[in-house]
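Undergrad: One structure is given below, represented as structure tokens, and several questions about it will come after.
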Amino acid sequence: MRMPDRGCDINREWLEDILTQHEAKTSPDISLIITSFQVSPGTNPGENFGSDVVRVKAKGQLVSSGFEKQNSTKEYNLFMKFLRGNYFSRQMGNQMQAPLRELLIFSDIITELNEFQAKMTGDKYRISIPGFVYGICTTDEYVLVMQDLSIDGYVMLNKRESLDLPHTLMAVDSLARLHAVSLAFSRIHNVHFLKKYPSFNTASFAEVFYTTSVAIIYDGVIRAAEQRGNQYKHLLAMMASNKEAVLQKFAEALKNTNESSKVTCLAHGDFWTNNLMFRNSENNGKEVQLPLDIMLIDWGITAWRNPLLDLQYFIHCSTTRNLRKDHLGEILHRYHSTFTAATNDLGSPVDNWQFEDFMAEWRRTHVFGSLIGMMNTLVTMSESGKNFNKSDDLQTTGVRAYIEYWMARVMAPIMFFIFSLPPFSFMIRRSMEKIFENLVEELCSWKNDTLQFRVFDLIEEAFDSGLLER
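So for the sequence shown, the UniProt record's numbering puts the first residue at 1; every next one is plus one.
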């Protein structure tokens with residue numbers, strides 16, 4: 001049975017097939033007949049960049065073929081992710097192995113990590129993600145089917161409104177558990193994580209992508225500041241004269257070459273407001289809702305690397321400068337204490353990782369947080385960024401589609417290899433400049449108040465912290 005390419009191609013027969021497989025995991029003699037289903041968009045327009053996501057509500061009749069035949073009705077609330085784009089973009093995505101990594105997270109890895117921590121600590125450090133229903137990742141097919149968390153009251157908070165302190169602390173606790181459990185799991189089982197899951201070694205690609213993107217955005221911020229005359233005169237001279245030094249510090253933090261970076265673990269890679277779902281308390285007449293639980297979503301760029309990069313990314317993409325000014329110490333203490341308690345309880349304490357050691361690594365990687373915060377803000381807060389969600393989906397059929405498919409199969413691996421070679425770095429720069437062109441122009445137009453405020457708040461903070469110095 002052919003798998004749907006997109007959410008709009010979902011049909012009754014395919015739903016019956018995958019849900020029967022799901023039910024068979026616990027009841028092998030069960031068959032399913034779908035009586036009705038409804039497909040709706042999974043996100044608002046412009047909110048998702050890499051996938052075609054849909055929600056599916058389905059009702060089915062379960063039929064047992066056991067000794068005592070029994071029938072029952074069941075409802076399913078599902079969240080599905082398909083690949084976006086034309087044949088070439090899909091094949092390039094496969095080369096980067098992001099779809100495979102996310103599928104492995106849901107189908108195998110988090111289950112292994114949770115079983116490990118539950119056995120060691122009685123489920124004290126559970127990593128919470130949506131329930132896995134079905135998935136496949138091949139050269140030609142990809143889909144990930146999960147439980148729809150919204151049915152249980154989980155919501156995504158507005159990315160334009162930064163997290164408050166209670167939500168920030170809950171997120172930091174969850175992040176520390178992920179880091180600590182994965183580190184302990186790898187150490188205690190004496191099999192390095194990357195030997196078992198080599199697709200999570202993305203260091204070289206991450207370095208090229210992030211350093212190139214940040215360099216382009218750094219230049220864009222200088223252009224935008226120049227257009228404001230004397231308002232940012234105090235920033236301009238330092239940003240321009242120290243540009244190479246600042247970008248070098250960024251690259252060194254990303255490379256993880258400093259000997260103080262002794263801790264490596266499974267890092268989410270895109271851990272910020274838009275990839276967290278909270279279940280909150282009821283208002284009860286109060287303006288503030290307190291978080292009761294959290295779920296982590298969108299694991300496409302997860303990798304094995306320095307956990308401080310995750311923490312920097314989260315804090316500089318999800319909180320305001322005022323919250324960091326008032327509560328950064330409390331937030332960092334919370335992360336460190338949770339991480340330390342978990343690694344100790346899991347029988348894998350980290351030597352020479354007192355809070356002072358941790359803070360030294362925080363300061364070394366601080367430039368990563370500031371600059372990557374600018375990149376995230378530019379992509380997610382701009383009107384131009386919504387175009388990232390538009391793609392040239394599959395439209396051709398017949399002989400033309402066959403030719404395009406095989407050209408993509410042949411050319412994507414070649415282009416991916418070429419892009420990874422240092423002599424061809426200029427090609428990556430040109431490609432990234434094209435991608436960011438409209439976003440930088442919007443920043444320089446000074447017409448998006450939210451965008452300008454968030455970007456220049458990060459720059460001002462970096463200036464005050466001495467990160468723009470040599």
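We put the CB at the ideal spot given by N, CA and C, even for glycine.
1. Beta carbon of Gly369, beta carbon of Gln452: below 8 Å?
2. Go ahead and pull the three-state DSSP assignment for Ser260.
3. Out of Glu23, Leu32, Gly60, Met3, point me to the one whose CA is closest to Gln38's CA.
4. Using three-state DSSP, classify Arg126 as helix, strand or coil.
5. With respect to the alpha helix (DSSP H) encompassing Phe453, which residues constitute its N-terminal and C-terminal limits?
6. Compare the C-alpha of Val172 against each of Glu404, Thr202, Met432, Thr273 and name the closest.
7. Would the stretch 174-188 and the stretch 405-418 be scored as touching if the rule is three or more Cβ pairs under 8 Å?
8. Is the beta carbon of Phe106 less than 8 Å from the beta carbon of Ile127?
9. Between the Cα of Phe200 and those of Gln97, Leu247, Leu309, Thr343, spot the shortest distance and give me the residue it belongs to.
10. How big is the Cα-Cα spacing for Glu102 and Leu15?
11. Just the Cα atoms here: how many angstroms apart are Met3 and Val54?
12. Which runs of the beta strand (DSSP E), 3 residues or longer, sit entirely within the stretch 300-388?
13. What does Thr73 pair with, by DSSP beta-bridge criteria?
14. Which word fits Ser213, buried or exposed, when buried means at least 16 other C-beta atoms lie within 10 angstroms of its C-beta?
15. On the criterion of 16 or more Cβ atoms from any shown chain inside 10 Å, does Leu292 qualify as buried, or is it exposed?
16. CB Arg6 to CB Ile34, shorter than 8 Å?
17. Apply the 10 Å Cβ neighbour rule to Ser162 and answer buried if 16 or more other Cβ atoms are within range, or exposed otherwise.
18. Between which two residues does the alpha helix (DSSP H) carrying Thr211 extend?
19. Would you call the CB atoms of Thr168 and Thr319 closer than 8 Å?
20. Who does Asn280 pair with in a DSSP beta bridge?
TA: Here's the rundown:
1. As a working mapping, residue 369 is identified with position 369 in the sequence shown. As a working mapping, residue 452 is identified with position 452 in the sequence shown. Against a cut-off of 8 Å, the Cβ pair of Gln452 and Gly369 comes out as no contact.
2. As a working note, residue 260 is residue 260 in the sequence shown. For Ser260, the pLDDT reaches just 45, beneath the cut-off of 50, and the residue's location in the model is therefore unreliable, leaving the point undetermined.
3. Position 38 of the sequence shown, counted from the start, is the residue given in the question as residue 38. It is Gly60 whose Cα lies nearest to the Cα of Gln38.
4. Position 126 of the sequence shown, counted from the start, is the residue given in the question as residue 126. Correct three-state label for Arg126: coil.
5. Residue numbering aside, residue 453 sits at position 453 when the sequence shown is read from its first letter. Segment 449-464, the alpha helix (DSSP H) holding Phe453.
6. Here residue 172 refers to the residue found at position 172 of the sequence shown. Of the listed residues, the one whose Cα sits closest to Val172 is Thr273.
7. no
8. By 1-based counting over the sequence shown, the position of residue 106 is 106. By 1-based counting over the sequence shown, the position of residue 127 is 127. Not in contact: Phe106 and Ile127 (Cβ atoms no closer than 8 Å).
9. Position 200 of the sequence shown, counted from the start, is the residue given in the question as residue 200. Ranking Gln97, Leu247, Leu309, Thr343 by Cα distance to Phe200 puts Gln97 first.
10. Along the sequence shown, read from residue 1 onward, the residue named residue 102 stands at position 102. Along the sequence shown, read from residue 1 onward, the residue named residue 15 stands at position 15. Looking at the two C-alpha atoms, the distance is approximately 21 Å.
11. Here residue 3 refers to the residue found at position 3 when the sequence shown is read from its first residue. Here residue 54 refers to the residue found at position 54 when the sequence shown is read from its first residue. Rounded to the nearest angstrom, the two C-alpha atoms are 15 Å apart.
12. 303-305
13. Translated into positions along the sequence shown, residue 73 becomes position 73. Thr73 pairs with Gln61.
14. Reading the sequence shown from its first residue, position 213 is the one you call residue 213. Its Cβ being crowded by 16 or more others within 10 Å, Ser213 is buried.
15. Stepping through the sequence shown from its first residue, residue 292 is reached at position 292. With fewer than 16 Cβ atoms within 10 Å of its Cβ, Leu292 is classed as exposed.
16. Residue mapping note: residue 6 aligns to position 6 of the sequence shown, counting from 1. Residue mapping note: residue 34 aligns to position 34 of the sequence shown, counting from 1. In this structure, Ile34 does not lie closer than 8 Å to Arg6 by Cβ.
17. Locating residue 162 in the sequence shown gives position 162, where the first residue counts as 1. Ser162 comes out buried.
18. As a first step, residue 211 must be located in the sequence shown, where it is residue number 211. From DSSP, the alpha helix (DSSP H) with Thr211 extends over 203-226.
19. Counting from 1 along the sequence shown, the entry for residue 168 is found at position 168. Counting from 1 along the sequence shown, the entry for residue 319 is found at position 319. Contact flag set, yes.
20. Taking the first residue of the sequence shown as position 1, residue 280 is located at position 280. Pro291.
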